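Presented below is the structure to which this report refers.
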Amino acid sequence: MQSITKNDMKVFPPNSEDIVTKDNWFTTQKSLQGYCHSGELSSNRIIWRGNHSPTPLSYAKDSLDLAKINVTNAESVLSYLERTNTDAFLVMHKGEVLYENYFNGYKSYQPHALNSATKSFVGLIVSLLSDEGVLDLNKKASFYVPELEGTGLGEGTIQQLLDMQVPVKYMEADTPMGIGRGTPIFIASGSMPKPDNYNGPENLYEFMISSKKDKLPGTVFKYENGQTETLGWIVKRLTGKNLAELIQEFIWSKLGVEENALMHLDQIGTDIASGGMRATLRDLARFGEMMRNNGYYNGQQIIPEHMIRDIQKGGNQKYLAESSHHYLLGFSYYNKWWISHDRYGGYSARGKFDQQIHIAPKADTVIVKLSSYHSPNSVGIGAFQAILDYLVKQ
């Protein structure tokens, strides 16, 4: 039997500085990785994979050498992945996996935080319900949820909420962890502890009702979480099912995934529509491949093709260029997806700390990046384009 030294052993119970809590998950790189890798900070609802065997992934004979693909003269794609605290990365081209790797102790079977990439799943659910005639995209939110009458979020139509064109204001509160003015939603969703002097919303419904009118809906792009939470409330009101159930029913159980996904809940059991989903790298690659194939995967049409085509057309580029997301040059935002309008027809689900599911139909490629990176902004665009350029030239 091989001997085990003290240096090989994990510390149980852990040292205090190694414990990740709601007080510290954002404060250090180590804590942020712990948050992204584990769903243990909050209650979760399972998004069941179904009882079918996983759809096999096809792996290419020769893998992609990312050390030889350069983003700039000074940096390779592999260096970029390491610099941006990537936890997992996968490239699939023409249905074959060319690259799959895990970093920072992250395991292939662990559901990783998707954060705002969750919004793209919500967009699909809303579009599917609209396609079935369950809701009208031109109706105001308050039509379906009367409790929102007179609030800022209640004034927007379903389509405007999908496109982040319902500008609202919320109460300003202390920001105990420096995340910024979005702090009330982190407290309302249970992602942060409530400060002693806090008197704001304490769950997601209270947060939405607290919204105040700002500019006229449909005239600007303003990215924030309340608009997606409103859509989550609407679809639950109309179907009687929570968001995790709907994603499971319409998407997840049909893909032939390997693992269950998870949905974080607030203190009263509400699915966090704006950023609560967790899933594994390979399963997100299956999802991305379904999108690349115009909604067809695992022997069935999971999303109607016309819905995928509609996403690819994109939205108002001018609105996004005039917003705080102006660094996404040439992009638009439509139905909860980021559309690049580039030569490869690219569009993405994107989440805080650099989660990305990028679909490039004209390059036959899907790229998935899961990370715990504090300052993503547009950092991935050049690296992804370098990979796509390389693959198209081969």
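If you count the sequence shown from 1, position 225 lands on 544 in the working numbering, and the numbers rise without skipping.
Idealized CB from N, CA, C, for every residue including glycine.
Note that the coordinates shown come from a computational prediction; the quantities given were computed from them, not determined experimentally.
- Message: Using C-beta distances below 7 angstroms, list every residue in its chain close to Leu707, excluding the 5 sequence neighbours before and after it, in chain order.
- Response: Reading the sequence shown from its first residue, position 388 is the one you call residue 707. Within its own chain, the residues whose Cβ lies closer than 7 angstroms to the Cβ of Leu707, once the five positions on either side in sequence are excluded, are Tyr663, Ala679, Ala682, Thr684, listed in chain order.
- Could you pull the start and end residues of the beta strand (DSSP E) that Asp406 belongs to? Along the sequence shown, one-based indexing puts residue 406 at 87. Run containing Asp406: 405-412, per the beta strand (DSSP E) assignment.
- Query: Apart from the five residues just before and just after Leu447, which ones in its own chain have a Cβ nearer than 6 angstroms to its Cβ?
  - Reply: Position 128 of the sequence shown holds residue 447. Phe569.
- Item | Environment of Ser667 [buried if 16+ CB atoms lie within 10 Å] | In the sequence shown, the residue the question calls residue 667 occupies position 348. By the neighbour-count rule (16 or more Cβ atoms within 10 Å), Ser667 is buried.
- Query: If you run the structure through DSSP and keep just helix, strand and coil, what is Asn434?
  - Reply: Walking along the sequence shown from the start, residue 434 turns up at place 115. Of the three classes helix, strand and coil, the one that applies to Asn434 here is helix, per DSSP.
- Per-residue DSSP class, three states only, for Ser609: For the purposes of this step, residue 609 is identified with residue 290 of the sequence shown, where counting begins at 1. The sequence given here has Met at residue 609, not Ser. Three-state DSSP puts Met609 in a helix.
- Taking Lys632 as the reference, give the member of His645, Trp656, Ile621, Glu641 with the closest Cα. Against the sequence shown, residue 632 aligns to sequence position 313. Of the candidates His645, Trp656, Ile621, Glu641, the one whose C-alpha sits nearest the C-alpha of Lys632 is Trp656.
- Message: According to DSSP, simplified to helix, strand and coil, what is Tyr463?
- Response: Looking up residue 463 in the sequence shown gives position 144. Correct three-state label for Tyr463: helix.
- Contact the stretch 510-525 vs the stretch 589-597: 3+ CB pairs below 8 angstroms: yes
- Query: Shortest alpha-carbon distance to Pro486 belongs to which of Asp515, Tyr463, Tyr638, Asn522?
  - Reply: Indexing the sequence shown from 1 puts residue 486 at position 167. Cα-wise, what sits closest to Pro486 is Tyr638.
- Task: State buried or exposed for Asn544, treating a residue as buried only when at least 16 other CB atoms are found within 10 Å of its CB.
- Result: The residue you call residue 544 lines up with position 225 of the sequence shown. Result: buried.
- Task: For Ser377, I'd like the list of residues in its chain whose CB is within less than 8 angstroms of its CB, leaving aside the five on either flank, ordered along the chain.
- Result: Counting from one through the sequence shown, the residue named residue 377 turns up at place 58. Around Ser377: Gly414, Glu415, Val416.
- Query: Run through DSSP, which three-state label would Leu481 get?
  - Reply: If you number the sequence shown from 1, residue 481 lands on position 162. Note: Leu481 maps to helix in three-state DSSP.
- Under a three-way DSSP split, which group does Asp602 fall into? For the purposes of this step, residue 602 is taken as residue 283 along the sequence shown, with counting starting at 1. Helix, per DSSP.
- Task: Compare the beta carbon distance of Ser651 and Gly634 with 7 angstroms and say whether it is the shorter of the two.
- Result: On the sequence shown, position 332 is the one that residue 651 refers to. On the sequence shown, position 315 is the one that residue 634 refers to. At the C-beta level, Ser651 and Gly634 come within 7 angstroms of one another.
- Message: Using 7 angstroms as the threshold, is the C-beta distance between Thr405 and Phe422 below it?
- Response: The residue you call residue 405 lines up with position 86 of the sequence shown. The residue you call residue 422 lines up with position 103 of the sequence shown. Yes.
- Message: Measuring straight from C-alpha to C-alpha, what distance separates Tyr428 and Lys534?
- Response: Taking the sequence shown and counting its residues from 1, one reaches residue 428 at position 109. Taking the sequence shown and counting its residues from 1, one reaches residue 534 at position 215. So the two alpha carbons sit approximately 44 angstroms from each other.
- Query: How many angstroms separate the CA atom of Gly649 from the CA atom of Glu641?
  - Reply: Counting from one through the sequence shown, the residue named residue 649 turns up at place 330. Counting from one through the sequence shown, the residue named residue 641 turns up at place 322. Looking at the two C-alpha atoms, the distance is approximately 11 angstroms.
- Own chain, CB closer than 7 angstroms to Lys541, minus 5 neighbours either side, in chain order: Taking the first residue of the sequence shown as 1, we reach residue 541 at position 222. Result list for Lys541: Met483, Pro486, Ser642, in chain order.
- Query: So, helix, strand or coil for Tyr399, using DSSP?
  - Reply: For the purposes of this step, residue 399 is identified with residue 80 of the sequence shown, where counting begins at 1. Here Tyr399 sits in helix by DSSP.
- Query: Run through DSSP, which three-state label would Gln713 get?
  - Reply: Position 394 of the sequence shown, counting from 1, holds the residue named residue 713. Of the three classes helix, strand and coil, the one that applies to Gln713 here is coil, per DSSP.
- Message: Would Ala407 and Tyr418 qualify as a contact pair, given that the criterion is a beta-carbon distance under 7 angstroms?
- Response: Translated into positions along the sequence shown, residue 407 becomes position 88. Translated into positions along the sequence shown, residue 418 becomes position 99. Between Ala407 and Tyr418, the C-beta gap is not smaller than 7 angstroms, which leaves the two residues out of contact.
- Message: By the DSSP assignment, the alpha helix (DSSP H) with Leu385 in it spans what residues?
- Response: Residue mapping note: residue 385 aligns to position 66 of the sequence shown, counting from 1. From DSSP, Leu385 is part of no alpha helix (DSSP H); its letter is neither H nor E.
- Which residues bound the beta strand (DSSP E) around Gln674? Reading the sequence shown from its first residue, position 355 is the one you call residue 674. Residues 674-679.
- Message: Within a Cβ cutoff of 7 angstroms, which residues of the same chain sit near Glu466, ignoring the five residues on either side of it in sequence?
- Response: For this step, residue 466 is matched to residue 147 along the sequence shown. Excluding positions up to five away in sequence, the list reads Ile528.
- Ser691 versus Ser372: straight-line alpha-carbon distance, rounded: The sequence position of residue 691 within the sequence shown is 372, counting from 1. The sequence position of residue 372 within the sequence shown is 53, counting from 1. Going by the C-alpha atoms only, they are around 31 angstroms apart.
- Message: Taking the beta carbon of Pro503 as the centre, do at least 16 other beta carbons fall within 10 Å, making it buried, or is it exposed?
- Response: To locate residue 503, count along the sequence shown from 1; it is residue 184. By the neighbour-count rule (16 or more Cβ atoms within 10 Å), Pro503 is buried.
- Task: Could you tell me if Gly665 is buried or exposed, where buried requires 16 or more neighbouring beta carbons within 10 angstroms of its beta carbon?
- Result: For the purposes of this step, residue 665 is identified with residue 346 of the sequence shown, where counting begins at 1. Answer is buried; the Cβ neighbour count reaches 16.
- Please list, in chain order, all residues of the same chain as Glu394 whose beta carbon is under 8 angstroms from its beta carbon, the five residues on each side excluded. Within the sequence shown, the letter at position 75 stands for residue 394. Correct list, in chain order: Arg402.
- Local Cβ density within 10 Å of Ser382, reported as buried at 16 or more and exposed below that: Position 63 of the sequence shown, counted from the first residue, corresponds to residue 382. Per the 10 Å Cβ criterion, exposed.
- Measure the Cβ-Cβ separation of Lys573 and Ile621 and say whether it is below 7 angstroms. Reading the sequence shown from its first residue, position 254 is the one you call residue 573. Reading the sequence shown from its first residue, position 302 is the one you call residue 621. The answer is yes: Cβ separation under 7 angstroms.
- Message: Helix, strand or coil for Thr684? Go by DSSP, reduced to three states.
- Response: Here the question's residue 684 lines up with position 365 in the sequence shown. DSSP places Thr684 in strand when its eight states are reduced to three.
- Go ahead and pull the three-state DSSP assignment for Asp590. Working through the sequence shown from its first residue, we reach residue 590 at position 271. Here Asp590 sits in strand by DSSP.
- Which class does Leu376 belong to by DSSP, given the choice of helix, strand or coil? Against the sequence shown, residue 376 aligns to sequence position 57. Looking at Leu376 - three-state DSSP - the assignment turns out to be coil, as it is neither helix nor strand.
- Item | Extent of the continuous alpha helix (DSSP H) run through Arg628 | Numbered from 1 along the sequence shown, position 309 holds the residue referred to as residue 628. Run containing Arg628: 624-632, per the alpha helix (DSSP H) assignment.
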